[in-house]
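J.: My questions all concern the structure below.
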Ligand code: GLC
């Protein structure tokens, strides 16, 4: 039998470096700070960390605008610090995944600087220039084209104007990215999280996107022909170099789109925004997505409910601002359902969203760009602020409150991660049952040696969550907590009492 890859067995933890832990007192998280927190991660029991971009960057989009792929921004430390973090993680049995943004580079990147200053530059074809911009819009709002005053041409950027899209139709771009991958593999990383990977190719003719109900449908700029082949080449290139965990961020919350990017010759996993990005808590929607993922996804799904791009699940799912119980129950789901769990930094302390009150407090480029576009569209400052607050992603990016943590929640994280780490059926067993009865989600996962039943009750307390599975031979019961929401687990060792 093929061995189970390590990433299917691991709990991943997302480190948003700028706000994780500040080691030098400048108010920004960095590698020396992270180094002092490795024991916290080991005690939690995580098996891998995904570290968001730390490369030299003007930080217009907090590092998702890279100006040098093969170095560390001095504000985050240096290469020595990076190597110490990798070694420190490995010594604790934690793998290191780095975030690679290959859809675009910073406008400060030397490739773009050369292309911008010199129309005859060999780097001109690393980017997409056009005399005639089409109607494509940036995902941060406003046009996706910015004029170049000297040439009368426009360059293409799917995000901010300072994040210039690379031209993946040029094989030279692919070769450059291969060199970047080799560089980081040589530094000992264990995998890559590829940013907005379904945006790499365009339709090649730059046709206008159709408008539907006043919104642009991205018919010509995302999920375009050639993308799957380009990603197959990228994934093959990495896999030829060893066993690495490849995570794809697909900019979509449609499972039908997301699933196309996962496979033995593609990404190991893709982020399941269809499950994770739900704005409010709804047990039946969760159940519907889990069922669809079980039926239609070609590989293990990802289980996450918070990230640096969305408000925290505690703030989204609770019945009140400090309702941690719901988050506890969702965590139980994350750690027992089929898939690879991703925990976002600070969730284990019960951190809630930062809510900006004024324009000055909005740091995120997406929020600020929306503000500008709203003003240009004729809105008042007050209306534009409301739009900006709706789109700003600052909510989950506040510095981690290391000293103020909710200790009981942190203990639940440890206990549940340990439960998963110690239970093979929870790590890689497939569902044998997945049901929702009232607000009680229950499922069973099995390996050839054991079967585990899990019941998570999101509704009013129930006395016996097992009434639905009467007749099964069940031995040993753990009720990890009984509060407003309940979590129960039973194991059966194929007929033998444990
Ligand atoms: C991804 C990142 C996000 C960034 C965007 C552009 O969605 O997660 O933070 O703004 O890509 O790089």
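Numbering (the numbering used here), first residue to last: 1099 to 1596. Glycine included, each C-beta is placed from N, C-alpha and C at the ideal position. All of these numbers come straight from a predicted model, not from anything done at the bench.
Helix, strand or coil for residue 1553, going by three-state DSSP, please let me know.
T.: Reduced to three states, the DSSP call for residue 1553 is strand.
J.: Taking 8 Å as the threshold, find out whether the segment 1456 to 1469 comes into contact with the segment 1414 to 1429 through three or more Cβ pairs.
T.: Because the criterion of three Cβ pairs below 8 Å is not met, the segment 1456 to 1469 and the segment 1414 to 1429 do not touch.
J.: Runs of 4 residues minimum, wholly inside the segment 1138 to 1170: which ones carry the alpha helix (DSSP H) assignment?
T.: Runs found: none.
J.: Within 10 Å of its beta-carbon, does residue 1203 have 16 or more other beta-carbons around it, so buried, or fewer, so exposed?
T.: It counts as buried.
J.: Residue range of the alpha helix (DSSP H) that residue 1427 falls in?
T.: 1422 to 1434 is the span of the alpha helix (DSSP H), which, as asked, contains residue 1427.
J.: Any chance the CB of residue 1263 is under 6 Å from a heavy atom of ligand 1?
T.: No; taking the cut-off as 6 Å, the Cβ of residue 1263 has no heavy atom of ligand 1 nearer than that.
J.: If you compare alpha carbons, which of 1394, 1461, 1400 and 1382 is closest to residue 1348?
T.: The shortest C-alpha separation from residue 1348 is found at 1400.
J.: Quick one: is the Cβ of residue 1293 within less than 6 Å of any heavy atom of ligand 1?
T.: Flag set: Cβ of residue 1293 near ligand 1.
J.: Please look up how many angstroms separate the CB atoms of residue 1504 and residue 1422, rounded, as I've assumed it's under 8 Å.
T.: Right, the Cβ-Cβ distance comes to about 7 Å (below 8 Å), so this counts as a contact.
J.: Looking only at its chain, what residues have a beta carbon closer than 8 Å to the beta carbon of residue 1136, apart from the 5 residues adjacent to it on each side?
T.: Excluding sequence neighbours, residue 1136 sits near 1183, 1186, 1187, 1190 and 1192.
J.: Once DSSP output is grouped into helix, strand and coil, what is the label at residue 1580?
T.: In this prediction, residue 1580 has a pLDDT of 47, which is less than 50 and means its spatial position is unreliable; what the coordinates show is noted afterwards. Residue state, collapsed to three classes: strand.
J.: Check whether the segment 1108 to 1125 and the segment 1146 to 1154 are in contact - that is, three or more C-beta pairs closer than 8 Å.
T.: A contact exists between the segment 1108 to 1125 and the segment 1146 to 1154.
J.: Can we say the segment 1507 to 1524 touches the segment 1475 to 1486, given the rule of at least three CB pairs closer than 8 Å?
T.: As far as the Cβ criterion goes, the segment 1507 to 1524 does not touch the segment 1475 to 1486, which means the pair count is below three.
J.: Can you say whether residue 1553 is buried or exposed, counting buried as having 16 or more other CB atoms within 10 angstroms of its CB?
T.: Residue 1553 comes out buried.
J.: Considering only their Cβ atoms, is the gap separating residue 1225 from residue 1253 smaller than 7 Å?
T.: Yes. Within cutoff.
J.: From what residue to what residue does the beta strand (DSSP E) around residue 1386 run?
T.: Premise fails: residue 1386 lies in the alpha helix (DSSP H), 1381 to 1394, not in any beta strand (DSSP E).
J.: Let me know if residue 1102 comes out buried or exposed under the rule of 16 or more other beta-carbons within 10 Å of its beta-carbon.
T.: Per the 10 Å Cβ criterion, exposed.
J.: DSSP three-state call for residue 1102: helix, strand or coil?
T.: In the structure shown, residue 1102 sits in coil (DSSP, three-state: anything other than H, G, I, E or B).
J.: Measuring CB to CB, does residue 1289 end up less than 7 Å from residue 1195?
T.: A contact, by the Cβ cut-off of 7 Å.
J.: Please work out which residues of its chain come closer than 8 Å, Cβ to Cβ, to residue 1377, disregarding the five sequence neighbours upstream and downstream, and give them in chain order.
T.: The residues are 1414.
J.: Give me the Cα-Cα distance between residue 1100 and residue 1275, rounded to the nearest whole angstrom.
T.: Straight-line Cα distance between these residues: approximately 30 Å.
J.: At a threshold of 6 Å, does residue 1257 count as lining ligand 2 (C-beta to nearest heavy atom)?
T.: Looking at this structure, you won't find ligand 2 anywhere; what it does contain is ligand 1.
J.: Among the candidates 1365, 1311 and 1312, whose CA atom is the shortest distance from the CA of residue 1328?
T.: Comparing Cα-Cα distances from residue 1328 to each of 1365, 1311 and 1312, the minimum goes to 1365.
J.: Could you tell me the alpha carbon to alpha carbon distance between residue 1555 and residue 1156, rounded to whole angstroms?
T.: Straight-line Cα distance between these residues: approximately 46 Å.
J.: Is there at least one non-hydrogen atom of ligand 1 closer than 6 Å to the beta-carbon of residue 1162?
T.: Result yes, Cβ under 6 Å from ligand 1.
J.: Is the Cβ-Cβ distance between residue 1598 and residue 1109 less than 7 Å?
T.: Residue 1598 is absent from the model: the chain starts at 1099 and stops at 1596.
J.: Looking only at its own chain, which residues have a Cβ that is under 6 Å from the Cβ of residue 1213, when we skip the five neighbours before and after it?
T.: Answer for residue 1213: 1219, 1221, 1222 and 1225, listed in chain order.
J.: Is there at least one non-hydrogen atom of ligand 1 closer than 6 Å to the beta-carbon of residue 1407?
T.: The answer is yes for residue 1407.
J.: At what residues does the beta strand (DSSP E) containing residue 1415 begin and finish?
T.: From DSSP, residue 1415 is part of no beta strand (DSSP E) but of the alpha helix (DSSP H) over 1411 to 1415.
J.: Examine the Cβ distances between the segment 1388 to 1400 and the segment 1366 to 1375 and report whether three or more of them are shorter than 8 Å.
T.: Taking 8 Å as the limit for Cβ pairs, the verdict is that the segment 1366 to 1375 does touch the segment 1388 to 1400.
J.: Let me know if residue 1160 comes out buried or exposed under the rule of 16 or more other beta-carbons within 10 Å of its beta-carbon.
T.: Looking at its Cβ environment, which holds 16 or more other Cβ atoms inside 10 Å, residue 1160 is buried.
J.: Considering only DSSP beta bridges, list what residue 1110 is partnered with.
T.: Residue 1110 pairs with 1146 and 1440.
J.: What do you get for residue 1430, buried or exposed, if any count of 16 or more other CB atoms within 10 angstroms of its CB means buried?
T.: The residue in question, residue 1430, is buried, as its Cβ has 16 or more Cβ neighbours within 10 Å.
J.: From residue 1164 to residue 1207, what distance separates their C-alpha atoms?
T.: If I take the Cα positions, the gap works out to 7 Å.
J.: Per DSSP, residue 1529 is paired with what?
T.: In DSSP, residue 1529 forms a bridge with 1543.
J.: How should residue 1434 be labelled, buried or exposed, when 16 other C-beta atoms within 10 angstroms of its C-beta is the threshold for buried?
T.: Buried, by the Cβ-count rule.
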